[in-house]
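Chains as they are written, first to last, in the numbering used here: chain A, 276 to 775; chain B, 2 to 141.
Using N, Cα and C, we set each Cβ at its ideal position, and we do this for glycine too.
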């Protein structure tokens, strides 16, 4: 019977032990009480980067010397080892490597006939698990910090929170319009921080990047807001810090969440601005309606009181008529602005002589021009006939002239029109205080006025919005030229032939 | 236009200066005040109001729209408050929005009228403004 003898042979026992040791994913080391290495597996050697020559010496001390440098806290590690060698306890603890790995270490005494003869150490790599746990915690905390609608406060909290988790320093740079980015830093120590002006190319293309500057690794991730890069988060590693793919992924996610926070904050600001604008419009509307109603009420009560002479009666009736026209114009403007905004304005094309329209408008607005003290000059040259909607062209000219009367401060107003080939162009110029260049765009937005600190000028601020919307829908364009203190010129060009 | 009045004799210091950028409202207020025996001088801008105040003996009251272009009613009131000669002048604020009411409170105006105002309110406010303070001689 040869089989039992094979089972009991020392070669088989050794082979069995070796195969078992190598079949596990954990590193295993067995050391006797004198510090001699009895057995270890390949996983242990690779985990601790132990060269073959060192393990051949089979001594615990040189091994300890070799591994100490790899750990974040070598002193505590060594103390733990010494304590466990002199005890019969079982143990489980965590070892944190400088390169970011986390190893769960467990140990138990080896006994022969109840007597301790050595210790078995097991090393289980839990880096991935710990990282998942860390990422979940970090992202949850970061989301809480980024919930603040004050974006400076939110990002300050974030950059302080991620140190030292993701590096020794962290900065958030925001490009919110200035030449230099606005920097929010984790600490006051600026040295060693990356300069936003020298961020690597991948970041500027919207990708994460790691690079070395001096002896430190840097990691930068973009902060996307919608489709634009609104800024970057930059992390500076410690002297031995490498950024793992997991670190990069976590940092990128923080960048994404910072972007969402900025977007939320901007949306909140926009919502607040919209509410303010609505209140402003309501207030202006109230003022604009109450004016003519006041005139009508006082006039009607005066008429009711009796004893008014013919002159007073006539002037009160005129007044009621003017106030009625004001209210009607006001409602028409609101309705037109709404029709233009929703694309529901209907145009009735016919042959229109711009010269006639301009002259009509000037006659109609003559009382206002006279009252304003402005002197009106007309210069109309060439063929000014086109295929337009007469009512709407009239509206363009009326609004331009009303505007010049309102803002012209009683100084001369010039209207000129000329034939520009396939276009007819009309320019209305006042010599009022003009509009600052940064407000030029605003004058075409509904309910906004560029000229002076708004709101006291009567009307809803829809005039130029309507002018531009009609001109654009007729295939034309509007240009504004203005200098502070030097008046404003509005130029409207309309194609003479109907466009689609 | 012929102004109707119910009084042919004017006492000194009983005239009212009215400032509003809405010419129609000015015409209506001027007519109402004249028909109720007040002497109203009207202007549609604050700068002209300041010129009038510089040249004439001070009016008994100023009725001012608080929301006007260029120089607002509030700015006019502040400019007036810097002049000791106008310290006795009563000021009635007029406006059609809530900001006007707040401005009137902030400026501690003697009276505030919210548009749309009616004849009764307007005349009563001007009468109160012209009424004598304690120890003063009665005004007509």
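Secondary structure at residue i, three-state DSSP: helix, strand or coil?
i, result
"residue 768 of chain A", "strand"
"residue 727 of chain A", "Since pLDDT at residue 727 of chain A reaches only 41, below the 50 mark, its modelled position is unreliable, and no value is offered."
"residue 637 of chain A", "helix"
"residue 774 of chain A", "coil"
"residue 475 of chain A", "coil"
"residue 543 of chain A", "helix"
"residue 311 of chain A", "strand"
"residue 662 of chain A", "strand"
"residue 520 of chain A", "helix"
"residue 302 of chain A", "strand"
"residue 335 of chain A", "helix"
"residue 455 of chain A", "coil"
"residue 529 of chain A", "helix"
"residue 549 of chain A", "helix"
"residue 679 of chain A", "helix"
"residue 629 of chain A", "helix"
"residue 735 of chain A", "coil"
"residue 714 of chain A", "helix"
"residue 422 of chain A", "coil"
Could you check if residue i is buried or exposed, using at least 16 other CB atoms within 10 Å of its CB as the buried criterion?
i, result
"residue 73 of chain B", "buried"
"residue 408 of chain A", "exposed"
"residue 293 of chain A", "exposed"
"residue 632 of chain A", "buried"
"residue 606 of chain A", "exposed"
"residue 406 of chain A", "buried"
"residue 763 of chain A", "buried"
"residue 116 of chain B", "buried"
"residue 647 of chain A", "buried"
"residue 726 of chain A", "Model confidence at residue 726 of chain A stands at a pLDDT of 39, short of 50, so the residue's coordinates are unreliable and nothing is read from them."
"residue 96 of chain B", "buried"
"residue 773 of chain A", "exposed"
"residue 322 of chain A", "buried"
"residue 415 of chain A", "exposed"
"residue 444 of chain A", "buried"
"residue 56 of chain B", "exposed"
Round the Cβ separation of residue i and residue j to the nearest angstrom and send it over; I've been treating them as touching at under 8 Å.
i, j, result
"residue 461 of chain A", "residue 446 of chain A", "7 Å"
"residue 78 of chain B", "residue 54 of chain B", "Not quite, the Cβ-Cβ distance comes to about 12 Å (not below 8 Å), so this is no contact."
"residue 718 of chain A", "residue 672 of chain A", "Residue 718 of chain A to residue 672 of chain A, Cβ: 17 Å. No contact."
"residue 507 of chain A", "residue 474 of chain A", "6 Å"
"residue 500 of chain A", "residue 534 of chain A", "5 Å"
"residue 345 of chain A", "residue 319 of chain A", "So it is not a contact: roughly 13 Å between Cβ atoms."
"residue 32 of chain B", "residue 569 of chain A", "Not quite, the Cβ-Cβ distance comes to about 13 Å (not below 8 Å), so this is no contact."
"residue 767 of chain A", "residue 751 of chain A", "6 Å"
"residue 355 of chain A", "residue 368 of chain A", "7 Å"
"residue 574 of chain A", "residue 595 of chain A", "5 Å"
"residue 651 of chain A", "residue 644 of chain A", "5 Å"
"residue 429 of chain A", "residue 536 of chain A", "5 Å"
Got a sec, what are the start and stop residues for the beta strand (DSSP E) residue i sits in?
i, result
"residue 507 of chain A", "503 to 511"
"residue 695 of chain A", "688 to 695"
"residue 759 of chain A", "Looking at the DSSP string, residue 759 of chain A is not in any beta strand (DSSP E), and its letter there is neither H nor E."
"residue 781 of chain A", "Outside the displayed span of chain A (276 to 775) sits residue 781 of chain A, for which this structure offers no information."
"residue 488 of chain A", "484 to 488"
"residue 320 of chain A", "Taken as a continuous stretch (DSSP letters only), residue 320 of chain A belongs to no beta strand (DSSP E), being part of the alpha helix (DSSP H) at 317 to 322."
"residue 498 of chain A", "491 to 500"
"residue 652 of chain A", "651 to 655"
"residue 16 of chain B", "16 to 20"
"residue 480 of chain A", "Residue 480 of chain A -> no beta strand (DSSP E), and no H or E assigned at all."
"residue 41 of chain B", "40 to 44"
What span of residues does the alpha helix (DSSP H) with residue i cover, start to end?
i, result
"residue 290 of chain A", "285 to 298"
"residue 28 of chain B", "24 to 36"
"residue 718 of chain A", "Taken as a continuous stretch (DSSP letters only), residue 718 of chain A belongs to no alpha helix (DSSP H), as it is neither H nor E."
"residue 62 of chain B", "From DSSP, residue 62 of chain B is part of no alpha helix (DSSP H) but of the beta strand (DSSP E) over 62 to 66."
"residue 746 of chain A", "738 to 748"
"residue 710 of chain A", "No alpha helix (DSSP H) holds residue 710 of chain A; DSSP gives it neither H nor E."
"residue 51 of chain B", "47 to 56"
Could you check whether the Cβ of residue i sits closer than 9 Å to any Cβ belonging to chain E?
i, result
"residue 559 of chain A", "This model lacks chain E altogether; the protein chains it does include are A and B."
Jot down the residue ranges of each uninterrupted beta strand (DSSP E) in the region 69 to 138 of chain B, minimum 3 residues, whole runs only, in chain order. 91 to 96, 112 to 115
Jot down the residue ranges of each uninterrupted alpha helix (DSSP H) in the region 349 to 417 of chain A, minimum 4 residues, whole runs only, in chain order. 349 to 360
Alpha helix (DSSP H) segments (min. 4 residues) lying fully within the region 424 to 448 of chain A: 426 to 436
What are the start and end residues of each continuous alpha helix (DSSP H) run of 4 or more residues lying completely inside the region 561 to 625 of chain A, in chain order? 585 to 617
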